[in-house]
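Line order of the protein sequences matches chains A and B.
For the first sequence, our numbering gives the first residue as 1, with consecutive numbering after it.
For the second sequence, our numbering gives the first residue as 1, with consecutive numbering after it.
Glycine included, every Cβ here is placed at the ideal spot set by N, Cα and C.
Note that the structure is predicted; figures quoted are calculated from it, not measured.
There are 2 protein chains.
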Amino acid sequence: MPDYNRQILLVETPKGKLGPEHFRLVEAPLPKPQEDEVLARVRYISLDAANRAWMQGATYRSAVEAGSVMAGGALAEIVESKSPALRPGDLVFADTGWQEYAVLPAKRAAKLPRLAPLTHLLSVYGIAGLTAYFGLLRVGKPQPGETVVVSAAAGSVGSLAGQIAKIKGGRVIGIAGGAEKCAWLTGALGFDAAVDYKAGPLPKALKAAAPDGIDVYFDNVGGDILETCLFQMRLRGRIACCGAVSQYDGAPQTHGPRGVPGLIVVNRLTLQGFIVMDYEAERAAAIAELKSWVDAGKLMVQEDIIDGLENTPRALIGLLAGENKGKRMVKVA
Amino acid sequence: MPDYNRQILLVETPKGKLGPEHFRLVEAPLPKPQEDEVLARVRYISLDAANRAWMQGATYRSAVEAGSVMAGGALAEIVESKSPALRPGDLVFADTGWQEYAVLPAKRAAKLPRLAPLTHLLSVYGIAGLTAYFGLLRVGKPQPGETVVVSAAAGSVGSLAGQIAKIKGGRVIGIAGGAEKCAWLTGALGFDAAVDYKAGPLPKALKAAAPDGIDVYFDNVGGDILETCLFQMRLRGRIACCGAVSQYDGAPQTHGPRGVPGLIVVNRLTLQGFIVMDYEAERAAAIAELKSWVDAGKLMVQEDIIDGLENTPRALIGLLAGENKGKRMVKVA
Numbered sequence: 001m002p003d004y005n006r007q008i009l010l011v012e013t014p015k016g017k018l019g020p021e022h023f024r025l026v027e028a029p030l031p032k033p034q035e036d037e038v039l040a041r042v043r044y045i046s047l048d049a050a051n052r053a054w055m056q057g058a059t060y061r062s063a064v065e066a067g068s069v070m071a072g073g074a075l076a077e078i079v080e081s082k083s084p085a086l087r088p089g090d091l092v093f094a095d096t097g098w099q100e101y102a103v104l105p106a107k108r109a110a111k112l113p114r115l116a117p118l119t120h121l122l123s124v125y126g127i128a129g130l131t132a133y134f135g136l137l138r139v140g141k142p143q144p145g146e147t148v149v150v151s152a153a154a155g156s157v158g159s160l161a162g163q164i165a166k167i168k169g170g171r172v173i174g175i176a177g178g179a180e181k182c183a184w185l186t187g188a189l190g191f192d193a194a195v196d197y198k199a200g201p202l203p204k205a206l207k208a209a210a211p212d213g214i215d216v217y218f219d220n221v222g223g224d225i226l227e228t229c230l231f232q233m234r235l236r237g238r239i240a241c242c243g244a245v246s247q248y249d250g251a252p253q254t255h256g257p258r259g260v261p262g263l264i265v266v267n268r269l270t271l272q273g274f275i276v277m278d279y280e281a282e283r284a285a286a287i288a289e290l291k292s293w294v295d296a297g298k299l300m301v302q303e304d305i306i307d308g309l310e311n312t313p314r315a316l317i318g319l320l321a322g323e324n325k326g327k328r329m330v331k332v333a
Numbered sequence: 001m002p003d004y005n006r007q008i009l010l011v012e013t014p015k016g017k018l019g020p021e022h023f024r025l026v027e028a029p030l031p032k033p034q035e036d037e038v039l040a041r042v043r044y045i046s047l048d049a050a051n052r053a054w055m056q057g058a059t060y061r062s063a064v065e066a067g068s069v070m071a072g073g074a075l076a077e078i079v080e081s082k083s084p085a086l087r088p089g090d091l092v093f094a095d096t097g098w099q100e101y102a103v104l105p106a107k108r109a110a111k112l113p114r115l116a117p118l119t120h121l122l123s124v125y126g127i128a129g130l131t132a133y134f135g136l137l138r139v140g141k142p143q144p145g146e147t148v149v150v151s152a153a154a155g156s157v158g159s160l161a162g163q164i165a166k167i168k169g170g171r172v173i174g175i176a177g178g179a180e181k182c183a184w185l186t187g188a189l190g191f192d193a194a195v196d197y198k199a200g201p202l203p204k205a206l207k208a209a210a211p212d213g214i215d216v217y218f219d220n221v222g223g224d225i226l227e228t229c230l231f232q233m234r235l236r237g238r239i240a241c242c243g244a245v246s247q248y249d250g251a252p253q254t255h256g257p258r259g260v261p262g263l264i265v266v267n268r269l270t271l272q273g274f275i276v277m278d279y280e281a282e283r284a285a286a287i288a289e290l291k292s293w294v295d296a297g298k299l300m301v302q303e304d305i306i307d308g309l310e311n312t313p314r315a316l317i318g319l320l321a322g323e324n325k326g327k328r329m330v331k332v333a
């Protein structure tokens with residue numbers, strides 16, 4: 001074990017677009033766990049669009065302050081424990097931040113089973129998979145035969161949400177950026193249709209793909225794409241509000257989508273926000289069902305693994321620009 | 001019975017604000033019912049903000065075309081029947097339009113009980129009362145002790161929704177225009193607080209009235225007031241989207257409220273639209289419960305009755321300007 005710890009600091013709260021200049025790699029002494037704490041070695045850091053939102057202020061967690069280690073969830077391995085709850089060798093998920101080693105209160109580390117590949121603990125059995133599962137099934141609630149639209153459909157959550165909607169008998173349309181991603185959605189993932197929002201006006205393309213309208217829209221992006229879908233919702237349609245990635249990286253939004261609340265009233269729509277922590281009690285059952293689909297070959301898990309802690313900033317910057325396909329993570333050790 | 005029928009036509013679809021110039025009073029021959037139709041004499045015409053929305057295009061009903069009799073629900077009495085379902089003397093609720101007599105298919109007229117005062121059939125036991133009841137209890141779902149905010153709180157739906165929220169143990173804050181209406185809400189109706197949106201910046205006044213935030217917002221207005229409430233919702237808050245009266249009378253809205261979908265996600269909010277027809281199966285039980293509250297003196301019914309068919313246009317124009325207190329209707333006969 002080294003006696004230093006490489007860390008990536010957020011050196012400045014970005015005003016506009018996130019760039020490499022907002023981060024700095026530093027070395028710090030290896031921290032020591034105190035009573036009820038553990039020392040964890042970070043294996044894989046999860047990259048999520050929400051990381052960017054955390055920089056702007058309090059969300060469902062407090063804001064990341066400039067000058068501190070960038071926050072982020074990771075798969076980590078316990079190397080030293082001052083708690084009876086965890087032992088060296090245990091695998092955990094925790095907000096370790098972007099660094100090689102982290103000292104944490106044991107109660108802030110969730111013990112995970114060992115399975116292969118380990119990275120599935122961060123993708124399909126992690127926050128991405130559970131977000132797709134609960135957001136689609138508990139909030140969107142598609143019925144067989146209904147039309148389900150998913151935005152950021154080639155991303156970690158979207159690619160799983162769309163496949164789960166297919167498993168449940170929906171007609172599934174993905175919205176993604178670029179012809180290659182769209183071909184992947186309808187090819188490898190079995191979506192019924194895909195719409196490339198970069199290729200031309202979205203309203204027309206979406207109308208062509210969903211001529212009878214949308215029953216469930218799984219919204220990962222907010223902004224103009226949310227507005228477009230809102231205008232194409234069917235009576236009693238449901239919008240699962242999962243994220244607003246279009247709003248995270250840049251100037252704050254000056255207005256919301258047209259049609260709120262007029263279309264919500266007229267078409268009796270439901271827009272509902274959720275986060276995965278709300279469904280903690282159902283977590284084990286959800287993972288078991290996800291695993292049954294993965295094992296049966298019904299759910300394809302796409303991972304996008306980048307090597308090296310020092311590449312974490314650019315991994316997040318690229319994710320916000322939509323360059324990833326599936327779950328992006330950084331392998332630290 | 002006269003041999004002519006006074007009618008009010010919508011002569012032009014308004015581009016901006018509705019004015020008296022958009023209507024004309026005409027006389028037409030008294031119509032005759034055919035097989036399965038009835039001739040109904042209009043007693044009281046219901047004025048509703050939605051009447052204005054109907055002029056702009058298809059909503060939950062088709063648009064009112066320029067040149068036709070203005071549409072509107074009314075309490076009417078059957079004077080001649082060619083249907084076994086209804087007899088002369090029966091009271092019905094139907095979309096008779098703004099006229100003294102109407103011929104209707106019998107199946108489009110809902111038979112009502114006779115009770116006193118008859119006008120309660122259009123207020124607390126009519127669409128207004130049922131909208132308040134279902135919107136609050138089935139969509140907003142306040143729990144005892146929760147903070148409930150109602151906009152257009154001195155209007156027909158708002159005044160009832162707020163009182164029902166009080167009956168159910170909520171802490172109720174009304175938003176209304178003018179000191180007199182606000183005093184009436186906290187005085188006669190027993191609201192816990194009232195905020196006059198015309199008196200100064202709403203965000204600050206609302207924060208003072210609901211310092212811990214809002215659990216349920218019953219939205220009758222949309223627009224800026226919806227945006228203000230959205231920013232003050234508590235975790236897992238619910239917004240019952242009942243109407244958007246701020247949007248009906250003027251240029252179409254160019255954007256929606258900020259905070260959609262960001263605040264919906266972060267605070268796990270639900271925005272849900274509804275219309276009273278969705279709850280037809282529960283209608284009789286709802287009316288029975290409303291009647292028990294009225295009879296027990298727990299629910300005060302405020303009616304604002306204007307005399308004479310010729311005054312119907314100005315009654316609607318005034319309603320859109322917020323001049324009414326309680327349920328506005330026009331006594332025709």
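The Cβ-Cβ distance between G237/B and D215/B falls below 7 Å. Just measuring C-alpha positions, the residue of A165/A, V266/A and L160/A sitting nearest Q302/A is L160/A. Within chain A, H255, G256 and R258 have C-beta atoms less than 7 Å from the C-beta of H255/B, given in sequence order. Following the DSSP letters along the chain, one finds V266/B inside the alpha helix (DSSP H) bounded by residues G262 to V266. Under the three-state reduction of DSSP output, S46/A falls in the strand class. Listed along chain B are V265, each with a C-beta nearer than 7 Å to that of G243/A. In this structure, the straight-line span from the alpha carbon of G256/A to that of I239/B is close to 16 Å. Taken in chain order, the complete alpha helix (DSSP H) segments of 4 residues or longer contained in the region 135-199 of chain A are 156-167 and 179-186. In this structure, the alpha-carbon of V265/B lies about 55 Å from that of P33/B. At a cut-off of 7 Å between C-beta atoms, G178/B does not count as an interface residue with respect to chain A. With a threshold of 7 Å between beta carbons, T59/B makes contact with chain A. Between E100/A and G155/A, the alpha-carbon positions lie close to 26 Å from each other. Relative to the Cα of D192/B, the nearest Cα in the group V148/B, E180/B, R328/B and D224/B belongs to V148/B. Residue burial annotation: Q7/B is buried, with at least 16 other C-beta atoms found within 10 angstroms of its C-beta. Inclusion of V150/A and G174/A in the CB contact set at 7 Å is warranted, their separation being smaller than that value.
Only those residues of the region 275-286 of chain B whose C-beta falls short of 8 Å from the nearest C-beta of chain A are listed: I275 and D278.
Scanning its chain for C-beta atoms nearer than 7 Å, with the 5 sequence neighbours on each side dropped, one finds around L189/A the residues S159, G162, Q163 and M300, in chain order. Proximity of G273/B to chain A, defined by a Cβ-Cβ separation below 7 Å, is satisfied. Runs of the alpha helix (DSSP H) spanning 4 or more residues and lying entirely within the region 269-327 of chain B occur at 283-295 and 312-320, in chain order. Chain-ordered, the chain A residues with CB closer than 8 Å to the CB of T270/B read T270, L271, Q272 and G273.
Look at the region 218-236 of chain A: the residues with a C-beta under 8 Å from a C-beta of chain B are D219, G222, L226 and E227. Between the alpha carbons of V64/B and E12/B lies a gap of roughly 10 Å. Excluding sequence positions up to five before and after V157/B, its CB lies within less than 7 Å of the CB of A128, T131, A132, N220 and C242, all in the same chain and listed in chain order.
When DSSP states are grouped into helix, strand and coil, G73/A belongs to the strand group.
Contact between W98/B and L309/B holds: their C-beta atoms lie close to 7 Å from each other, under 8 Å. Taking each of A76/B, R268/B, P313/B and A106/B in turn and checking the Cα distance to A85/B, the smallest one comes out for A106/B.
As computed with DSSP, A110/A is found in a beta bridge with F93/A.
Shown here, S83/B sits in coil according to DSSP, grouped into three states, outside any helix or strand. About 19 Å separates the CB atoms of G222/A and G273/B; that is not less than 8 Å, and the two are not in contact. For I8/A, the pairing in a beta bridge is given by DSSP as L25/A. Judged by pairs of C-beta atoms under 8 Å, the region 39-58 of chain B touches the region 9-26 of chain B, as three or more such pairs exist. Look at Q56/B: its C-beta is not under 7 Å from any C-beta on chain A. Close to chain A, meaning a Cβ-Cβ distance shorter than 8 Å, is no residue of the region 127-153 of chain B at all. For L206/B, the enclosing alpha helix (DSSP H) begins and ends at L202 to A209.
Identification of chain B residues near G158/A by a Cβ-Cβ cut-off of 8 Å yields none; the smallest Cβ-Cβ distance measures about 15 Å. Beta-bridge partners assigned by DSSP to F218/A: V150/A and A240/A.
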